[in-house]
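Student:
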Amino acid sequence: MIEFKNLKKHFGDKVVLNDVSHVMETGKANLIIGSSGSGKTVLQKCLVGLFEPNEGEIIYDGVSFTEMNTDARKELRQQIGMLFQGSALFDSMTVEQNIMFPLDMFGKGSFSQKLKRVNEVLERVNLKDVNKKFPAELSGGMKKRVGIARAVVLNPKFLFCDEPNSGLDPQTSLVIDQLILDLTREFNMTTVINTHDMNSVMEIGENILYLYLGKKEWSGNKKDIIFSKNERLNEFIFASEFLQDAKDMRMLEAKGKISNDRDMDELLKGDKLD
Amino acid sequence: MLFNHFGRYLLMLKGMFTRPENMRMYWKELMHQCVEIGIGSLGIVIIISVFMGAVSAVQTSYQLVSPLIPATTIAQIVRDTVILEFAPTVVCIVLAGVVGSKIASELGNMRVSEQIDALEIMGINTKSYLIMPKIAACLITIPMLVVLSMVLGIVGGRLAGAATHILSTDTFDMGLLMNFVPYNVFFALVKAYTFAFIISTIPSYYGYYVKGGALEIGRSSTKSVVVSCIMILFADYILAALLLNK
Chain A
1 MIEFKNLKKH
11 FGDKVVLNDV
21 SHVMETGKAN
31 LIIGSSGSGK
41 TVLQKCLVGL
51 FEPNEGEIIY
61 DGVSFTEMNT
71 DARKELRQQI
81 GMLFQGSALF
91 DSMTVEQNIM
101 FPLDMFGKGS
111 FSQKLKRVNE
121 VLERVNLKDV
131 NKKFPAELSG
141 GMKKRVGIAR
151 AVVLNPKFLF
161 CDEPNSGLDP
171 QTSLVIDQLI
181 LDLTREFNMT
191 TVINTHDMNS
201 VMEIGENILY
211 LYLGKKEWSG
221 NKKDIIFSKN
231 ERLNEFIFAS
241 EFLQDAKDMR
251 MLEAKGKISN
261 DRDMDELLKG
271 DKLD
Chain B
1001 MLFNHFGRYL
1011 LMLKGMFTRP
1021 ENMRMYWKEL
1031 MHQCVEIGIG
1041 SLGIVIIISV
1051 FMGAVSAVQT
1061 SYQLVSPLIP
1071 ATTIAQIVRD
1081 TVILEFAPTV
1091 VCIVLAGVVG
1101 SKIASELGNM
1111 RVSEQIDALE
1121 IMGINTKSYL
1131 IMPKIAACLI
1141 TIPMLVVLSM
1151 VLGIVGGRLA
1161 GAATHILSTD
1171 TFDMGLLMNF
1181 VPYNVFFALV
1191 KAYTFAFIIS
1201 TIPSYYGYYV
1211 KGGALEIGRS
1221 STKSVVVSCI
1231 MILFADYILA
1241 ALLLNK
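Residue numbers (the working numbering), protein chains in the order written: chain A, 1 to 274; chain B, 1001 to 1246.
What follows is the structure, given as structure tokens:
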């Protein structure tokens, strides 16, 4: 579990995070959503220690991260995996070397044991025959999978994903989302995902934090979103007419008012059902 | 602004000195950098050294018009200019371009593509893992390249002297051994170590702290080479004033 209390971060006069508090739960996909410039990435970078918050506290499983010294942070970071927006694979290394890197740096065991582990995680992310390929030879989706494989190779307790679906087609996005969710449950990790992909929100959003201009505007899960009356959240999530219709449909479904195909047709035509 | 850069540069150097996470990986990286920097620059060093020596032999002979000056003087001048200035300074200025731009662009690319952040998240001291091996590799290989350049420069002068019939190889060899001052080699090595430090740390600083995209990587790479060259020339003057002033 990751808890953060009253986080504040500013760059010069520009306040990026303003008094943000939330709890990221273990074994769940915790989503941070918000429009561009709302502070999602800064919040995630504060959580992993790439930025120091100006005020507030971050607590990992009951231990204050903000008060840890450098050595303690280094220890903790070995339990953190991160998938970056651009995958951040090492260009000069093959897929196998990329995934083996954390094992070489921190793991014990022989080369064959490490190679076995590399193949295990590659199989887990559904990648085959890519061991000797370089990142430049992979597609966007494959790079993300390799990034995930590298992030989970040391069995981390905490997984951070920064916009895992950026630049991917909707189908591949769903596959990546499902993979992250499966791994989260399988290894009981605390997974924190930055996204503004609404498919992800509706598919895997078990604990959602919505940021608006650096402030916590709303929190809940994917079901709560449908019924939320928060105007800013609704404007953000259901920005298009199509999504607004989908929301209406879900609400009516939930209220039991769509009982047959005729009602559905009327709704799709734009007629409002009472 | 200048003090801000200098302060961050010193903090970067200070930040490198931590206990390595895994000594074997650091050693592997050091060897990799030695190959990249040392072997990678070998070709250009061989070419410029031979031609530098050859040109200095021809030009020295052109300027020595008096028949009272013995031909062996040409060999002495070639030897001393190559050892004192050409091999350490000119080669290091060329290496500032070759190695410096490579270091700055490599680190800059790692910074903007979040590879440095990825290493930080893994719990690795990136200053220590990425910069220290580059500095150590430069300190190991660049003095070796300078010594090689001294030898090849003199060989180039000898070959050019014989090829253009300025002086025979025997005369050149005789002149080479006359009034040789071993301290000059020591001075050249002091310069080589100083310049190696400049060539590795300044581009590392510019590459490590780059912000933006591909354009900024290019800019920081160019800036690092320019600043390194200026610092090499400045250090060259300081060292000459300190160590050669009688």
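Even glycine gets a Cβ: it sits at the ideal position worked out from N, Cα and C.
1. Can you tell which of A:G39, A:A149 and A:K116 has the C-alpha that lies nearest to the C-alpha of A:F125?
2. Given a limit of 7 Å on CB to CB distance, which residues of the stretch 48-69 of chain A reach chain B?
3. So who's on the other strand from A:S219, going by DSSP bridges?
4. Does A:I176 have its Cβ less than 8 Å from a Cβ in chain B?
5. Can you tell which of A:D71, A:L76, A:N54 and A:P53 has the C-alpha that lies nearest to the C-alpha of A:V63?
6. Check whether the Cβ of A:A149 lies closer than 8 Å to any Cβ atom in chain B.
7. Among B:V1210, B:V1094 and B:I1121, which one has its Cα closest to the Cα of A:L277?
8. How big is the Cα-Cα spacing for B:I1103 and B:Y1206?
9. Compute the Euclidean distance between the alpha carbons of A:M100 and A:K114, then round it to the nearest angstrom.
10. Quick one: Cα of A:N6 to Cα of B:G1040, how far?
11. For the candidate residues A:L138, A:E52 and A:D91, whose alpha-carbon lies nearest to that of A:T70?
12. Measure the alpha-carbon distance for A:I204 versus A:S173 and round it to whole angstroms.
13. Is B:I1124 close to chain A, meaning its C-beta is less than 8 Å from at least one C-beta of that chain?
14. Which residues in chain A sit within 7 Å of B:S1204, going by Cβ to Cβ distance?
15. Can you give me the start and stop residues for the beta strand (DSSP E) that A:M93 sits inside?
16. Taking buried to mean at least 16 other C-beta atoms within 10 Å of its own C-beta, is A:K272 buried or exposed?
17. With three or more beta-carbon pairs closer than 8 Å as the criterion, would you say the stretch 18-37 of chain A touches the stretch 184-195 of chain A?
18. Out of A:K9, A:I2, A:D13 and A:L17, which one is the CA nearest neighbour of A:G214?
19. Which of the residues in the stretch 1002-1031 of chain B, read from start to end, lie with their CB under 7 Å from any CB of chain A?
20. Check for me: the beta strand (DSSP E) holding A:M24 runs from which residue to which?
21. Tell me the DSSP secondary structure of B:V1098 in three-state form.
22. Among A:A72, A:T184 and A:G37, which one has its Cα closest to the Cα of A:K14?
23. What residues from chain C crowd round A:P102, counting only those whose CB sits closer than 7 Å?
24. Just verifying my parser: in three-state terms, what is the DSSP assignment at A:K132?
25. Quick check: is any heavy atom of the ligand ATP less than 7 Å from the C-beta of A:H10?
26. How close, in whole Å, do the beta carbons of B:M1150 and B:V1045 come, if the pair is a contact with beta carbons under 8 Å?
27. Are the stretch 207-223 of chain A and the stretch 172-186 of chain A touching, with three or more C-beta to C-beta distances below 8 Å?
28. Among A:L181, A:F84, A:F111 and A:E3, which has the Cα closest to the Cα of B:I1116?
29. For A:L122, which residues of its own chain have a beta-carbon under 6 Å away from its beta-carbon, when the five flanking residues on both sides are left out?
30. Taking B:G1053 and B:V1078 to be in contact with their CB atoms under 8 Å, please state how far apart those CB atoms are, rounded to whole angstroms.
31. Just verifying my parser: in three-state terms, what is the DSSP assignment at A:L83?
32. Rounded to a whole number of angstroms, what is the C-alpha to C-alpha distance between B:E1114 and A:E137?
33. Could you name the residues of the same chain whose beta carbon sits closer than 7 Å to that of B:A1158, not counting the 5 residues immediately before and after it, in chain order?
34. How about the stretch 1057-1071 of chain B and the stretch 1185-1205 of chain B: do they share at least three Cβ pairs that are nearer than 8 Å?
35. Quick check for students: name the residue ranges of the alpha helix (DSSP H) that lie wholly in the stretch 1014-1064 of chain B, counting only runs of 4 or more.
36. Where B:Y1009 and A:Q244 are concerned, what is the direct C-alpha to C-alpha distance, given to the nearest angstrom?
Tutor: Once the coordinates are examined:
1. For the sequence presented, residue 125 of chain A should be read as Val rather than Phe. Looking only at A:G39, A:A149 and A:K116, the smallest Cα-Cα distance to A:V125 is reached by A:A149.
2. Against chain B - using a Cβ distance shorter than 7 Å - the residues of the stretch 48-69 of chain A are V48 and L50.
3. Here A:S219 is bridged, per DSSP, to A:L209.
4. No, because no Cβ of chain B sits closer than 8 Å to the Cβ of A:I176.
5. The shortest C-alpha separation from A:V63 is found at A:L76.
6. No, A:A149 does not count as interfacial toward chain B.
7. A query on residue 277 of chain A cannot be resolved here, the shown segment of chain A reaching from 1 to 274 and no further.
8. For B:I1103 and B:Y1206, the gap between their C-alpha atoms comes out near 9 Å.
9. One alpha carbon belongs to A:M100, the other to A:K114, and they sit about 7 Å apart.
10. When rounded, the distance between both Cα atoms is 52 Å.
11. Nearest option by C-alpha distance: A:E52.
12. It is roughly 12 Å from the alpha-carbon of A:I204 to the alpha-carbon of A:S173.
13. Yes, its Cβ sits closer than 8 Å to a Cβ of chain A.
14. Identification of chain A residues near B:S1204 by a Cβ-Cβ cut-off of 7 Å yields none; the smallest Cβ-Cβ distance measures about 17 Å.
15. A:M93 -> no beta strand (DSSP E), and no H or E assigned at all.
16. The predicted model places A:K272 with a pLDDT of 46, which falls under 50 and marks its position as unreliable; any figure quoted below should be read in that light. Under this definition A:K272 is an exposed residue.
17. Output reads yes: the stretch 184-195 of chain A touches the stretch 18-37 of chain A.
18. Selected option, being the one with the closest Cα: A:L17.
19. Within the stretch 1002-1031 of chain B, those residues whose Cβ lies closer than 7 Å to any Cβ of chain A are, in chain order, E1021, N1022 and M1025.
20. First-last of the beta strand (DSSP E) with A:M24: K14 to M24.
21. Helix at B:V1098.
22. In terms of Cα proximity to A:K14, the closest of A:A72, A:T184 and A:G37 is A:G37.
23. The chain labelled as chain C is not found among the protein chains of the depicted structure, namely A and B.
24. Coil at A:K132, not helix or strand.
25. Looking at this structure, you won't find the ligand ATP or any other ligand, since it has none at all.
26. Between B:M1150 and B:V1045, the beta carbon gap of about 11 Å keeps them out of contact (Cβ cut-off 8 Å).
27. Taking one beta carbon from each stretch, the stretch 207-223 of chain A and the stretch 172-186 of chain A have fewer than 3 pairs nearer than 8 Å; the two do not touch.
28. Closest by C-alpha distance to B:I1116, out of A:L181, A:F84, A:F111 and A:E3, is A:F84.
29. Shown here for A:L122: same chain residues with a beta carbon closer than 6 Å to its own, the five before and five after excluded, namely A149 in chain order.
30. Confirmed, about 6 Å.
31. Strand, per DSSP.
32. Roughly 19 Å between the two C-alpha positions.
33. It should be pointed out that residue 1158 of chain B corresponds to Arg in this sequence rather than to Ala. Around B:R1158, the same chain offers T1169 and F1172 as residues with beta carbons nearer than 7 Å, after the five sequence neighbours per side are excluded.
34. Fewer than three pairs of CB atoms, one per stretch, sit closer than 8 Å, so the stretch 1057-1071 of chain B makes no contact with the stretch 1185-1205 of chain B.
35. Every alpha helix (DSSP H) stretch that sits fully inside the stretch 1014-1064 of chain B and reaches 4 residues is listed by chain position as 1023-1034 and 1040-1063.
36. Each residue's Cα considered, the two are about 53 Å apart.
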